[in-house]
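Reading through the structure tokens given below for one structure.
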Amino acid sequence: MKQMTMNPLTHTPSVVAVGHRRCMPFRPASTSHSRRARVSCRAERQQEARSHDTDQSRRSLLLAGPVLLAGLGVSPFLAEPAQAEIETNKSVISVRGLSAFQRSAQRNYLAQRSEKELKKVVTAADAPIALRVVLHDAATYDVATGKGGLNGSIIKSEELSRPENKDLKSFIDKLAGVKQTIDDRGKVAGQGPISWADLIVLAAKVAHVLSWTEQKVKRATVASGGSTIADAFGAAFPVPLGRMDADSADDAVKIPTQSASPAEVKEFFSKLGNESKGGFGAGKPPFWERPTFLLWSGAQPDPATAEAALAADDDFKNWKNKYDRSRRTVTRTEYEVDFITFFTKLANLGARFDGNKYLYPITLELPKIK
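Per numbering that gives the first Met the number 0, residue 0 is the first one in the sequence shown, and the count goes up by one each step.
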């Protein structure tokens with residue numbers, strides 16, 4: 000570009016190279032015209048400088064984008080010509096070197112794709128049996144020895160063949176196919192197989208959220224309204240992952256039958272995970288009447304009938320009335336929040352967590368600095 004400036008003596012234009020355009024005054028008749036011409040050319044140069052800075056910023060972002068994505072453990076997509084133009088250095092972040100954000104992102108990735116696969120086979124009607132699998136697996140926890148608990152041993156043939164567990168096999172078989180899909184896809188990302196302990200907990204979560212959404216849709220005047228309420232006002236249901244599976248079956252424990260009396264159910268839960276030896280000053284057991292009402296009735300084939308049976312005992316009657324009121328509301332908040340709280344306690348009973356489970360190293364490709 001060439002810039003035209005005015006010769007103050009002759010009032011004739013001079014050409015100065017400044018780029019690809021020409022800055023010409025409209026009429027170089029006076030000094031004021033010359034001043035306007037210089038201002039016009041100065042503004043044009045400033046505009047070109049800004050355009051140049053914008054191009055440089057855009058190029059910097061294009062180069063930095065893949066690096067940021069790689070930092071999250073996501074393989075950046077670059078077109079073939081761009082890859083050919085940019086020389087890179089590879090750097091590997093080991094599992095030990097992952098940031099807290101990267102660790103959380105990798106676990107969340109497993110949880111999201113696992114729940115997606117579970118929703119393809121698990122239904123709202125599976126909520127009772129899914130909870131029963133979790134309850135029967137956790138019920139083997141022995142406070143004195145620290146053995147048993149939520150460790151996935153429920154899927155082993157020795158435990159499934161026990162009278163109290165025989166009806167769980169069909170659901171375990173359904174989950175086996177889901178687990179295979181999750182594990183196969185995890186290999187692509189370099190992620191290890193999901194443990195049975197984590198899978199049965201996630202399955203129970205998915206089934207119950209589906210069941211709660213179904214109830215809200217039924218209560219809503221318009222079905223879409225119920226779905227909106229479930230999405231916008233549903234209680235948060237976090238499930239920490241990393242549970243380790245047992246190598247062998249746990250010792251058998253006596254679990255109440257479906258026709259057990261409220262007293263039998265109460266006694267069973269009062270001992271579950273209870274380290275207290277009673278006596279003066281002893282607090283409530285971990286699973287007292289309130290969690291017992293939610294978890295026992297929810298794990299039975301017909302939860303409504305099980306609730307009515309428990310309510311024959313005054314210790315459970317008040318809790319039934321309380322949760323009936325909550326479930327008559329549109330959001331059902333109190334019932335769902337309490338269920339999630341006590342379910343989480345059950346799902347962690349005796350569980351052993353591996354802090355590095357499901358984590359994998361990240362390979363970064365960084366542009367070479369020349």
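We treat Cβ as the ideally placed atom computed from N, Cα and C, and that holds for glycine.
Quick check on residue 179: buried or exposed, where buried means 16 or more other Cβ atoms within 10 Å of its Cβ? Taking the sequence shown and counting its residues from 1, one reaches residue 179 at position 180. Exposed, because fewer than 16 other Cβ atoms sit within 10 Å of the Cβ of residue 179.
Rounded to whole angstroms, what is the Cα-Cα separation between residue 199 and residue 87? As a first step, residue 199 must be located in the sequence shown, where it is residue number 200. As a first step, residue 87 must be located in the sequence shown, where it is residue number 88. Rounded to whole angstroms, residue 199 to residue 87 spans 43 Å at the Cα level.
Cα separation between residue 148 and residue 368? Counting from one through the sequence shown, the residue named residue 148 turns up at place 149. Counting from one through the sequence shown, the residue named residue 368 turns up at place 369. So the alpha carbons of these two residues sit roughly 54 Å apart.
Where does residue 363 sit, in a helix, a strand or coil, going by DSSP? Numbered from 1 along the sequence shown, position 364 holds the residue referred to as residue 363. Here residue 363 sits in strand by DSSP.
Using a Cβ distance threshold of 8 Å, determine whether the segment 194 to 209 contacts the segment 241 to 258, with at least three qualifying pairs required. Output reads yes: the segment 241 to 258 touches the segment 194 to 209.
So, helix, strand or coil for residue 218, using DSSP? In the sequence shown, residue 218 corresponds to position 219, counting from 1. It is helical.
Pick from 176, 141, 131, 182 that is closest to residue 159, judged by C-alpha positions: Position 160 of the sequence shown, counting from 1, holds the residue named residue 159. Closest option to residue 159, Cα to Cα, is 131.
Sort 201, 315, 311 by Cα distance to residue 286 and report the nearest one. In the sequence shown, the residue the question calls residue 286 occupies position 287. Among 201, 315, 311, the Cα nearest to that of residue 286 belongs to 315.
Give the secondary structure of residue 85 by DSSP, where H, G and I count as helix, E and B as strand, and everything else as coil. Within the sequence shown, numbered from 1, the residue matching residue 85 stands at position 86. Residue 85: coil per DSSP, three-state reduction.
Between 324, 318, 137, which lies nearest to residue 270 when the distance is taken from Cα to Cα? In the sequence shown, the residue the question calls residue 270 occupies position 271. That would be 137, whose Cα lies nearest to the Cα of residue 270.
Excluding sequence positions up to five away, which residues of its chain have a Cβ less than 8 Å from the Cβ of residue 261? By one-based count along the sequence shown, residue 261 stands at place 262. If we look at residue 261 and ignore the five residues flanking it on each side, its Cβ neighbours are 308, 309, 311, 312, 314, 315.
Measuring alpha carbon to alpha carbon, tell me which residue in 119, 293, 106 is nearest residue 185. Against the sequence shown, residue 185 aligns to sequence position 186. Ranking 119, 293, 106 by Cα distance to residue 185 puts 106 first.
Are three or more beta carbon pairs between the segment 245 to 265 and the segment 353 to 362 nearer than 8 Å? no
Counting Cβ pairs, one atom from each stretch, are 3 or more of them under 8 Å apart for the segment 115 to 125 and the segment 326 to 341? no
Taking the alpha carbon of residue 112 as the reference point, which residue from 205, 144, 139 has its own alpha carbon closest? If you number the sequence shown from 1, residue 112 lands on position 113. For the residues 205, 144, 139, the minimum Cα distance to residue 112 belongs to 205.
Where residue 321 and residue 217 are concerned, what is the direct C-alpha to C-alpha distance, given to the nearest angstrom? As a working note, residue 321 is residue 322 in the sequence shown. As a working note, residue 217 is residue 218 in the sequence shown. Rounded to whole angstroms, residue 321 to residue 217 spans 21 Å at the Cα level.
Can you grab the Cα-Cα spacing for the pair residue 363 / residue 99, in whole Å? In the sequence shown, counting from the first residue as 1, residue 363 sits at position 364. In the sequence shown, counting from the first residue as 1, residue 99 sits at position 100. When rounded, the distance between both Cα atoms is 17 Å.
Taking C-alpha atoms, which residue in 96, 268, 85, 92 lies nearest to residue 139? Here residue 139 is taken as the residue at index 140 of the sequence shown, counted from 1. The shortest C-alpha separation from residue 139 is found at 268.
Go ahead and label residue 96 buried or exposed: buried means 16 or more other beta carbons lie within 10 angstroms of its beta carbon, across all protein chains shown. Locating residue 96 in the sequence shown gives position 97, counting from the first residue. Around the CB of residue 96, fewer than 16 other CB atoms lie within 10 Å, so the residue is classed as exposed.
Own chain partners of residue 305 with C-beta closer than 6 Å, once the 5 adjacent residues on each side are dropped: Indexing the sequence shown from 1 puts residue 305 at position 306. If we look at residue 305 and ignore the five residues flanking it on each side, its Cβ neighbours are 296, 299.
Output the boundary residues of the alpha helix (DSSP H) element that contains residue 128. Taking the sequence shown and counting its residues from 1, the one referred to as residue 128 is at position 129. For residue 128, the enclosing alpha helix (DSSP H) has its first and last residue at 126 to 137.
First and last residue of the alpha helix (DSSP H) that includes residue 270? Within the sequence shown, residue 270 is the residue found at index 271, counting from 1. Unbroken alpha helix (DSSP H) run through residue 270: 261 to 270.
For residue 133 and residue 203, which I take to be in contact (beta-carbon distance under 8 Å), what is that distance rounded to the nearest angstrom? Reading the sequence shown from its first residue, position 134 is the one you call residue 133. Reading the sequence shown from its first residue, position 204 is the one you call residue 203. Under the criterion of beta carbons closer than 8 Å, residue 133 and residue 203 qualify as touching, at roughly 5 Å.
What is the C-beta distance between residue 177 and residue 120, in whole angstroms, given that I count them as a contact (C-beta under 8 Å)? In the sequence shown, residue 177 corresponds to position 178, counting from 1. In the sequence shown, residue 120 corresponds to position 121, counting from 1. That pair is a contact at about 6 Å.
Who are residue 94's beta bridge partners in DSSP? Translated into the one-based positions of the sequence shown, residue 94 becomes position 95. Residue 94 is not bridged to any residue.
Below 8 Å on the Cβ atoms is my contact criterion, and I expect residue 201 with residue 114 to pass it. Report the Cβ-Cβ distance as a whole number of Å. Within the sequence shown, numbered from 1, the residue matching residue 201 stands at position 202. Within the sequence shown, numbered from 1, the residue matching residue 114 stands at position 115. Taking C-beta atoms under 8 Å as the contact rule, residue 201 and residue 114 qualify, at a distance of about 6 Å.
What does the alpha-carbon distance come out to for the pair residue 90 and residue 365? Mapped onto the sequence shown, residue 90 falls at position 91. Mapped onto the sequence shown, residue 365 falls at position 366. If you draw a straight line from the Cα of residue 90 to the Cα of residue 365, it comes to about 7 Å.
Beta-carbon proximity list for residue 57, same chain, < 6 Å, skipping 5 on both sides: Start at 1 with the first residue of the sequence shown, and residue 57 comes out as number 58. In this predicted model, residue 57 has a pLDDT of only 44, less than 50, meaning its place in the structure is not dependable enough to derive any value.
Since residue 348 contacts residue 272 with CB under 8 Å, what's their CB separation in whole angstroms? Numbered from 1 along the sequence shown, position 349 holds the residue referred to as residue 348. Numbered from 1 along the sequence shown, position 273 holds the residue referred to as residue 272. That pair is a contact at about 5 Å.
Just to confirm before moving on: does the CB-CB distance between residue 327 and residue 211 stay below 8 Å? Within the sequence shown, numbered from 1, the residue matching residue 327 stands at position 328. Within the sequence shown, numbered from 1, the residue matching residue 211 stands at position 212. No.
In terms of residue numbering, what span does the alpha helix (DSSP H) encompassing residue 176 cover? The residue labelled residue 176 in the question sits at position 177 within the sequence shown. In the DSSP assignment, residue 176 falls within the alpha helix (DSSP H) that extends over 168 to 188.
From residue 135 to residue 353, what does the alpha carbon distance come to, in whole angstroms? As a working note, residue 135 is residue 136 in the sequence shown. As a working note, residue 353 is residue 354 in the sequence shown. Approximately 22 Å, taken between the alpha carbons.
Would you mind sorting residue 110 into buried or exposed? The rule is 16 or more other CB atoms within 10 Å of its CB. As a first step, residue 110 must be located in the sequence shown, where it is residue number 111. Buried is the call here.
DSSP three-state call for residue 342: helix, strand or coil? Looking up residue 342 in the sequence shown gives position 343. Residue state, collapsed to three classes: helix.
Cβ neighbour criterion (16 or more within 10 Å) applied to residue 350: If you number the sequence shown from 1, residue 350 lands on position 351. Buried, because 16 or more other Cβ atoms sit within 10 Å of the Cβ of residue 350.
Simplified DSSP assignment, three categories, for residue 375: Past the edges of the chain, shown from 0 to 369, lies residue 375, and the structure says nothing about it.
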